Amino acid sequence: MAGNDLGGLLGGLLGGGQGGGGGGGGNILGALLGALMGGGAGGAGGAQAGGGANNPLGGLLDMLTKSGLADQAQSWIGTGQNQSVSGAQISEALPDETLQKVAAQAGVSPEQAADQIAQALPQAVDKLTPGGEIPSGSLEDIIRQQKL
1 MAGNDLGGLL GGLLGGGQGG GGGGGGNILG ALLGALMGGG AGGAGGAQAG GGANNPLGGL
61 LDMLTKSGLA DQAQSWIGTG QNQSVSGAQI SEALPDETLQ KVAAQAGVSP EQAADQIAQA
121 LPQAVDKLTP GGEIPSGSLE DIIRQQKL
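In terms of UniProt numbering, the sequence shown opens at residue 1 and continues consecutively.
Pasting the structure below:
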């Protein structure tokens with residue numbers, strides 16, 4: 001499934017490896033981005049508008065911006081210090097259906113999923129946007145380009 005592939009790629013990007021401690025962040029983000037790419041109802045269509053069907057990153061950042069997290073999201077893209085977000089803020093920003101789907105895929109509660117996303121997302125976005133802007137292309141290509 002695409003979410004699992006993305007999870008492995010994101011886990012590697014975050015330095016977690018397959019069995020490492022950081023792999024959980026990659027897996028939860030893989031499930032999130034897979035849910036946004038895979039369609040479904042509600043906010044998923046809006047998420048695709050920002051980055052296209054193969055790159056939901058722009059749409060995810062648009063969602064966060066519209067939910068009052070513009071400063072945080074911009075800090076992750078920019079080259080300065082990354083601002084943190086809370087699980088509660090992530091819960092507010094994401095459509096309930098998307099968070100439920102991600103939680104089910106990860107085998108955790110929606111609250112735990114939101115907390116894990118809040119922990120992993122700033123670092124992942126920072127690494128996926130090294131030039132200070134959202135790159136074009138498919139998400140898999142972008143992740144592979146950023147691996148050292």
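Glycine included, C-beta positions come from ideal geometry on N, C-alpha and C. Quick caveat, the model's predicted, so the values are computed rather than measured.
Simplified DSSP assignment, three categories, for GLN83:
Here residue 83 is taken as the residue at index 83 of the sequence shown, counted from 1. If DSSP states are grouped into helix, strand and coil, GLN83 belongs with coil.
With the cut-off set at 8 Å, would you say ILE134 and LEU57 are in Cβ contact?
To locate residue 134, count along the sequence shown from 1; it is residue 134. To locate residue 57, count along the sequence shown from 1; it is residue 57. Yes; because the gap between Cβ atoms is below 8 Å, this pair is in contact.
Under the three-state DSSP convention, the category LEU94 falls into
By 1-based counting over the sequence shown, the position of residue 94 is 94. If DSSP states are grouped into helix, strand and coil, LEU94 belongs with coil.
When the Cα atoms are used, what is the spatial distance from ASP71 to GLN83?
Working through the sequence shown from its first residue, we reach residue 71 at position 71. Working through the sequence shown from its first residue, we reach residue 83 at position 83. If I take the Cα positions, the gap works out to 8 Å.
Would GLY132 pass as a contact of GLY59 if the rule is Cβ separation under 8 Å?
Here residue 132 is taken as the residue at index 132 of the sequence shown, counted from 1. Here residue 59 is taken as the residue at index 59 of the sequence shown, counted from 1. No. Outside cutoff.
Outcome for ASP141 when other beta-carbon atoms lying within 10 angstroms are tallied against a minimum of 16:
Your numbering for residue 141 matches position 141 in the sequence shown. Exposed is the call here.
So within the UniProt region "Disordered" (128-148), which uninterrupted alpha helix (DSSP H) runs reach at least 4 residues, ignoring any that extend past its ends?
139-146
If I follow the unbroken alpha helix (DSSP H) through GLY58, where does it start and stop?
Here the question's residue 58 lines up with position 58 in the sequence shown. Element bounds for GLY58: 57-64.
Which residues in the same chain have their Cβ closer than 7 Å to the Cβ of VAL102, if we skip the five residues on either side of it in sequence?
Position 102 of the sequence shown, counted from the start, is the residue given in the question as residue 102. ILE28, ALA31, LEU32, ALA35 and ALA113, listed in sequence order.
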